[in-house]
Amino acid sequence: MADIEFILKVVFYHSEAGNEPVREWLKDLHRDDKRQIGEDIKTAQLGWPLGMPLIRKIDKDLWEVRTRLADGIARVFFTVDDEYMILLHGFIKKSHKTPQNELKTALSRLGIYKRGLK
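Residue numbers for the sequence shown follow my numbering, so the first one is 3 and each next one is one higher.
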C-alpha cells in the first residue's frame, strides 16, 4: 500500500503555559464526534486547499473545518503556516451564526501565534 502524502501537517496551537486548547476540547467529546472531526481534518490535510462545504475562509489567515455532528456542527478554526495546519480553537456550534466570543478566541490565538508566542 502506498504512503499517503499529506499536503499539510497538523499542529495543535499551544499557549505560553503549554496548554493545547483544541486537543483538550477534543478529549472531552464523544468518541464518534472525535472520529468524525478527525476525518474532516485529515481530508483538509490531504486536499488543501479546499472550499465549502468542508472548509470556509473566515478572515485573511483564518479558516474553519466544518463537521456535522448529531448535536450540532463542530468548528475547528485554523491557520496555515507553510506546510502546517495550526489548530487554534474548536467548539460545537448550535445556532445559525458563529458566536462572536468563539471567533474572538480564534483571532486572539492567531495573533499570539503570529507574534511567535506559539
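C-beta: ideal position from N, C-alpha, C; glycine also. All values reported here derive from a predicted model rather than from experimental measurement.
Grab me the residues of residue i's own chain with a C-beta within less than 7 Å of its C-beta, minus the 5 sequence neighbours each way, in chain order.
| i | result |
| --- | --- |
| Q47 | F8, I9, L10, V12, M87 |
Cα-Cα, which of the options is closest to residue i?
| i | options | result |
| --- | --- | --- |
| I94 | W27, D63, G113 | W27 |
| L89 | I6, P23, A19, E18 | P23 |
| S97 | D30, R77, D61, A19 | R77 |
| K62 | E41, R37, R25, G113 | G113 |
Residues bridged to residue i by DSSP?
| i | result |
| --- | --- |
| D83 | Y86 |
| G92 | V78 |
| K59 | W65 |
| V12 | M87 |
Take residue i and list the residues in its own chain whose beta-carbon comes closer than 8 Å to its own, dropping the five residues that flank it on each side.
| i | result |
| --- | --- |
| M3 | Its pLDDT being 48, under 50, M3 is placed unreliably in this model, and the value from its coordinates should be taken loosely. Closer than 8 Å at Cβ, skipping near neighbours: no residue. |
Assign residue i to one of two classes, buried (16 or more other C-beta atoms within 10 Å of its C-beta) or exposed (fewer than that).
| i | result |
| --- | --- |
| H91 | buried |
| I43 | buried |
| A39 | Looking at the sequence provided, one finds Ile at residue 39 rather than Ala. Label assigned to I39: buried. |
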